[in-house]
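Numbering (this note's numbering), first residue to last: 22 to 244.
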């Protein structure tokens, strides 16, 4: 009888080993809400360094969030942001539809006239910490649909005017868009734990302490 008890206890112990040794499940990132000035204060300072940057370091566009819809990230963003839905033809060709480019307030009725802007440009992200990331994390950043503000459909003209500049050197031409833009810029920096240099931080503080002091920043840290 004692031997049977020992065998039973041993079996139970072996069954418990994986449960006791398994790592705790990683908690899901918690959404954060901050006033703009407080959010800017959470962005860490560092000098930027573009050494080694190439656009190809960030793989995009990939097959998007829905791997079964035949659309890449670009077209999925266009579908999500359309104010009048386009027709989706074979190969995810988009025809018709209407979009509002919030940088300049322009109404656009042709998908090909729009660029998908990375709120924080790829080169700026590289300068601000992404140079140390894995290729997989850079791909996740370049195709980030987990936050509504990371990728935005805007007129090609404004996207190319912006290029890789931060808010110290470029702001949307529409004054009504600027506080939203600053809030979304800071949200993206915080989501991906990207840093900012002195000129960028100073520009953000000017907006946060002035015309955009009532702007609320929503972000969820990237996993």
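Ideal Cβ positions, reconstructed from N, Cα and C, are used throughout, including at glycine.
Every value quoted in this text rests on a predicted model; they were computed, and no experiment measured them.
- Of the other Cβ atoms in all chains shown, 16 or more fall within 10 Å of the Cβ of residue 204; this residue is therefore buried.
- By the Cβ criterion, the region 219-226 is not in contact with the region 157-173, since fewer than three pairs of Cβ atoms, one from each stretch, lie closer than 8 Å.
- Taking C-beta separations shorter than 6 Å and ignoring five residues to either side along the sequence, the partners of residue 194 in its chain run 125, following chain order.
- Counting other Cβ atoms within 10 Å of its Cβ, residue 236 reaches 16 or more and is therefore classed as buried.
- Cβ contact annotation for residue 105 (same chain, cutoff 6 Å, sequence separation greater than five): 118 and 119, in chain order.
- According to the DSSP assignment, residue 147 belongs to the alpha helix (DSSP H) that extends over 143-148.
- At a Cβ-Cβ threshold of 8 Å, residue 150 and residue 243 do not count as neighbours.
- In the three-state DSSP reduction, residue 187 falls in the coil class, being neither helix nor strand.
- Fully contained in the region 204-243 are the following alpha helix (DSSP H) runs of length 4 or more, in chain order: 219-229.
- Note on geometry: alpha-carbon atoms of residue 143 and residue 108 lie some 30 Å from one another.
- For residue 76, the closest alpha carbon among the candidates 145, 95, 200 and 97 is that of 145.
- Per DSSP, residue 53 lies in no alpha helix (DSSP H) segment; the continuous beta strand (DSSP E) that holds it begins and ends at 53-56.
- For residue 190 and residue 100, the gap between their C-alpha atoms comes out near 30 Å.
- Taking a contact as a CB-CB distance under 8 Å, the pair residue 128 and residue 121 counts as one, their CB atoms being some 6 Å apart.
- In the structure shown, residue 127 adopts extended strand secondary structure according to DSSP, grouped into three states.
- Residue range 108-110 is occupied by the beta strand (DSSP E) that includes residue 110.
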